[in-house]
Structure formats: C-alpha cells, structure tokens
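Colleague: Next up is a structure, given as structure tokens.
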C-alpha cells in the first residue's frame, strides 16, 4: 500500500516538472522564430536591396542606417558573435551548476523575480510538503524526514533553509516556529497550517493538504503562463519585423517619389 502511494506521489512530482517544460516550450519557439526571421531579413534579404540605395546616392533615414549597421556586423562578425554567445551561455550554465555561491545567488534571484517567483515557490513548496508529509505518514521522525526532504529539493535556497530548520527541530523547536525565520521561502499560510497540524497531532495531513494546494496553484500559473507571455512576445516580434520592413520600404518610397519628380 505504501509503495503504491509512494509511486503515485513520485508520478505527481514528474508531472510538475513536465508542466514547467510544457509552459516554457511555446515562448521558446516564438523567441527562436523571431530571431531566425530577423537574421534572415538582415543577413540575406536586406543586403540584396542595398546596391539600389548605393547606386542612387539617396539619403537614407535613421532606421535604415541602423539596419545597415546591424546587417554589416552580422555579415562580417556573425560567426564570432555566435561563438561568443555559445561560450557565454555555456559558461553561465556551468558556473550555476558547479559553483555553489553562484548557484545559491541564482536560485535566490529566481525566488524574488516577479511572476517567476510564483512558479518557483509553488513548485518547491508542493514537492517539499508532499515529501515531508509522506515521510511522516511512514512514521519516520520529523528531524530525519526534514533532512531527507531537503535532499529531494532542487532549489539550493530551500535545501539550505530546510537543513537549518532540521537542526533546530532536532533541538526541540517547533517546525512552524523555525519556518517563520524564512518568510520569502515559506508564506504565512504554510507556517499557520503547520502550527495547527503540530497542535492537533495531524501534521502529515496538514502537509498533504498544503502539497495539494500549491500543486493546484502551480497548475493555474503554468496554464496561464503561455497565455500571459504570448501577447508580449507577439508584440515584440511585430515591432522588430515591422521596424526592418519600414527601414526597407521608406527609402524605396522616397526614391520613387524623387524619380517621379
């Protein structure tokens, strides 16, 4: 029975991870599509029109000159820019993964950034309360359960805070009291419900209720994530492509008017 329950809880944890990936997939596709379209226009399409402007010695508008400047940079140094970008991305990824202080700072920043913090906090709280509640239902001591739960958390800020809380609890302090020292990580509702569970002797039930609550909150955020980001990305994409289109059309229009005169 316990094994079936454990398998079900582990399946829920995997579902949460997949929901994050699904929510971020669409914005990533839009960003890549915008980047590829921009590069195509600047590097391949726009340079074919430049000889016309140069042959007529027309005074080009500022937007056209900006696009020409960017086009020259990409055509002459595009490979170097790509290599530098890959190097910087790889360096940041490796530093965050293997350098403890940088990873700690990065995870703390994620918890404090508006909009992102809701996803990160709900995900970690759902996993933490579910794991801790499951361990307590299995009659493992609360101190040991907290240490095990901290090992299952990906966020270093939560991992460190839970480890400190585990030490305090083993010294005789209440779990809810220890959590109040970390208001950014553990909201008031978590502390209050855990305090009620401690007083009533049903801490595991309170934790399982919290896990379901934050899982539902996480579901709502991930469902609305793409809907909230999509209009912003589409507007940015339209502005970028529209700027390039205006930069091409405006000088052609001016040249045509001059030829008619």
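Residue numbers (this note's numbering): 9 to 269. Heads up, the beta-carbon is just placed ideally off N, CA and C, and yes, glycines get one too. Owing to the predicted nature of the structure, the values given are computational and were not obtained by experimental measurement.
If you compare alpha carbons, which of 23, 34, 29 is closest to residue 242?
Modeller: It is 34 whose Cα lies nearest to the Cα of residue 242.
Colleague: Which of the three DSSP states is assigned to residue 258 in this structure?
Modeller: Reduced to three states, the DSSP call for residue 258 is helix.
Colleague: On the three-state DSSP scale, how would you describe residue 78?
Modeller: DSSP places residue 78 in helix when its eight states are reduced to three.
Colleague: Alpha carbon to alpha carbon, what distance is there between residue 84 and residue 238?
Modeller: Distance between the alpha carbons of residue 238 and residue 84: 33 Å.
Colleague: Which same chain residues, not among the five before or five after residue 258, have their C-beta less than 6 Å away from its C-beta?
Modeller: The residues are 69.
Colleague: Under the three-state reduction of DSSP, which class applies to residue 9: helix, strand or coil?
Modeller: Note that residue 9 has pLDDT 44, beneath the 50 cutoff, so the model's placement of it is unreliable and the number below is only indicative. In the structure shown, residue 9 sits in coil (DSSP, three-state: anything other than H, G, I, E or B).
Colleague: For residue 127, which residues in the same chain have their Cβ closer than 6 Å to its Cβ, ignoring the five residues on either side in sequence?
Modeller: Here the set comprises 229.
Colleague: Roughly how many angstroms lie between the CA atoms of residue 139 and residue 26, to the nearest whole one?
Modeller: Cα to Cα, the separation comes out at about 18 Å.
Colleague: Of the residues 67, 178, 155, which one's Cα is nearest the Cα of residue 168?
Modeller: Residue 168 has its Cα closest to that of 155, out of 67, 178, 155.
Colleague: Would you mind giving the Cβ-Cβ distance between residue 157 and residue 170, rounded to the nearest angstrom? I have them listed as a contact below 8 Å.
Modeller: Right, the Cβ-Cβ distance comes to about 6 Å (below 8 Å), so this counts as a contact.
Colleague: Tell me the residue span of the alpha helix (DSSP H) that contains residue 207.
Modeller: Its alpha helix (DSSP H) spans residues 196-208.
Colleague: Mind checking whether residue 214 and residue 201 have CB atoms under 7 Å apart?
Modeller: Contact: yes.
Colleague: Can you look up residue 179 in the DSSP assignment and give me helix, strand or coil?
Modeller: In the structure shown, residue 179 sits in coil (DSSP, three-state: anything other than H, G, I, E or B).
Colleague: Grouping DSSP H, G and I as helix and E and B as strand, with all else coil, what is residue 68?
Modeller: Here residue 68 sits in coil by DSSP.
Colleague: For residue 115, which residues of its own chain have a beta-carbon under 6 Å away from its beta-carbon, when the five flanking residues on both sides are left out?
Modeller: Correct list, in chain order: 163, 164, 165.
Colleague: So, for residue 295: in the same chain, excluding its five sequence neighbours on each side, which residues have a beta-carbon less than 7 Å away from its beta-carbon?
Modeller: The question about residue 295 has no answer, for the chain in this structure spans 9 to 269.
Colleague: Nearest to residue 90 by alpha carbon, out of 43, 211, 245, 226?
Modeller: If we check each option's Cα against that of residue 90, 43 comes out closest.
Colleague: Taking C-alpha atoms, which residue in 119, 52, 107 lies nearest to residue 86?
Modeller: Minimum Cα distance to residue 86 is reached at 52.
Colleague: Which term fits residue 199, buried or exposed, when burial requires 16 or more other beta carbons within 10 angstroms of its beta carbon?
Modeller: With 16 or more Cβ atoms within 10 Å of its Cβ, residue 199 is classed as buried.
Colleague: Can you grab the Cα-Cα spacing for the pair residue 75 / residue 98, in whole Å?
Modeller: The straight-line gap from Cα to Cα measures roughly 29 Å.
Colleague: Would residue 50 pass as a contact of residue 82 if the rule is Cβ separation under 7 Å?
Modeller: Going by C-beta atoms, residue 50 is nearer than 7 Å to residue 82.
Colleague: How many whole angstroms separate the CB atoms of residue 222 and residue 118, which I take to be in contact at a CB cut-off of 8 Å?
Modeller: Not quite, the Cβ-Cβ distance comes to about 16 Å (not below 8 Å), so this is no contact.
Colleague: May I ask which residues mark the beginning and end of the alpha helix (DSSP H) holding residue 163?
Modeller: Where residue 163 is concerned, there is no enclosing alpha helix (DSSP H), given that its DSSP letter is neither H nor E.
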